Amino acid sequence: MHYRTDYHIHTTFSDGKALPEEYIAPAIAAGISELGFSEHLSLYKEDQDWVMNPENV
Numbered sequence: 075m076h077y078r079t080d081y082h083i084h085t086t087f088s089d090g091k092a093l094p095e096e097y098i099a100p101a102i103a104a105g106i107s108e109l110g111f112s113e114h115l116s117l118y119k120e121d122q123d124w125v126m127n128p129e130n131v
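In terms of the numbering used here, the sequence shown opens at residue 75 and continues consecutively.
As structure tokens, then:
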């Protein structure tokens, strides 16, 4: 049996564009049975726009 999975999803908790719950319906529609969220855990530096500002945690 084959499963469609995606274990490399980023959310707004790091550099993604959506909240975790916003990925569920599209995943079901695409036939994906398992999701795994993997975030970047970087220290905030004001000159880098790819890390999450601590104020957003």
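Glycine included, each C-beta is placed from N, C-alpha and C at the ideal position. Here the structure is a predicted model, which is why all the values come from computation and not from measurement.
Helix, strand or coil, according to DSSP, for residue i in the structure here?
i, result
"TYR77", "coil"
"ILE83", "strand"
"GLU96", "helix"
Report the option in the options whose CA atom is closest to the CA atom of residue i.
i, options, result
"ILE98", "HIS76, MET75, TYR81 and GLU129", "TYR81"
Might you give, ordered along the chain, the residues of its own chain that have their beta carbon closer than 7 Å to the beta carbon of residue i, omitting 5 neighbours on each side?
i, result
"PRO94", "THR85 and PHE111"
Excluding five sequence neighbours on each side, which residues of the same chain lie with their C-beta closer than 6 Å to the C-beta of residue i?
i, result
"THR185", "This structure leaves residue 185 out entirely; the chain is present only between 75 and 131."
Pull up the distance between the alpha-carbon of residue i and that of residue j, whole angstroms please.
i, j, result
"TRP106", "GLU129", "Reading off the sequence, residue 106 comes out as Ile, not Trp. Roughly 33 Å separates the two Cα atoms."
"PRO100", "ILE83", "13 Å"
"GLU96", "HIS76", "24 Å"
"ALA103", "LYS91", "19 Å"
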